[in-house]
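Have a look at the structure below before the remarks.
Residue numbers (this note's numbering): 4 to 244.
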């Protein structure tokens with residue numbers, strides 16, 4: 004035991020003196036793989052970390068968890084989510100996806116928001132297939148259904164947002180018209196608050212303009228009537244007014 008204590012003090016001394024190669028040799032000699040791995044993690048020596056993991060697979064979960072934290076801190080969220088998955092940290096992986104979703108919505112990258120919600124829906128579906136508890140299954144199903152719906156809505160809303168903010172779009176009017184109808188129908192029948200950044204007003208506005216192009220004048224008037232009861236807080240710009 005006294006020899007182990009001496010080696011441990013030597014290893015700490017080498018770390019303090021930044022003599023990491025010597026410290027690694029001491030940890031190896033002691034068989035203290037956990038301390039060696041922790042040192043590599045602190046130094047962000049990820050190649051060395053995963054060389055150790057290949058030799059000592061029991062440390063894989065810890066290694067990937069720390070790697071996920073490192074990636075998240077450096078804004079590499081997609082890679083972080085994969086690392087958390089490899090670590091078996093499902094909650095952390097979901098939290099990263101949710102952060103990615105929130106960022107995409109805030110930056111009006113609705114295609115990305117749809118994609119991340121689709122990934123989240125897959126996460127909940129997998130969890131649902133592995134869960135026997137009825138209460139937990141009910142909660143997971145609600146989350147799966149919600150994320151699936153948000154994926155569809157954000158994917159579709161990208162077209163409407165571009166139509167009302169870009170000078171030109173190449174999507175045929177009839178397709179835009181059906182997209183606007185789809186979004187409005189989903190939002191009108193949605194329980195609870197409207198999802199972040201989605202706008203009934205913008206959707207009705209787009210549907211109204213497109214309906215005029217398609218000579219669907221009755222529908223256009225219906226959209227105008229609906230817009231009177233809605234509040235729009237974002238500038239549509241002058242491009243399509």
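C-beta atoms are modelled at their ideal positions from N, C-alpha and C, and glycine is treated no differently.
Are the beta-carbon atoms belonging to residue i and residue j less than 7 Å from one another?
i	j	result
residue 203	residue 233	yes
residue 167	residue 205	yes
residue 127	residue 152	no
residue 51	residue 43	yes
residue 161	residue 114	yes
residue 64	residue 91	yes
residue 209	residue 163	yes
residue 86	residue 70	yes
residue 176	residue 227	no
residue 62	residue 40	yes
residue 154	residue 117	yes
residue 9	residue 29	no
Mind reading off the beta-carbon distance from residue i to residue j? Whole number of angstroms is fine, and I expect it under 8 Å.
i	j	result
residue 89	residue 67	4 Å
residue 156	residue 122	Rounded, the Cβ-Cβ distance is 15 Å, inconsistent with contact.
residue 211	residue 187	Residue 211 to residue 187, Cβ: 11 Å. No contact.
residue 59	residue 45	So it is not a contact: roughly 18 Å between Cβ atoms.
residue 219	residue 185	In fact, because the Cβ distance is near 15 Å, the residues do not count as touching under 8 Å.
Buried or exposed, going by whether 16 or more other CB atoms sit within 10 Å of the CB of residue i?
i	result
residue 224	exposed
residue 76	exposed
residue 197	exposed
residue 17	buried
residue 24	exposed
residue 55	buried
residue 14	buried
residue 104	buried
residue 178	exposed
residue 180	buried
residue 6	exposed
With 7 Å as the threshold, decide whether the Cβ of residue i is near any Cβ in chain C.
i	result
residue 190	No chain C is part of this structure, which consists of one protein chain only.
task: Could you tell me whether the stretch 131 to 141 touches the stretch 163 to 179, where touching means 3 or more Cβ pairs closer than 8 Å?
output: no
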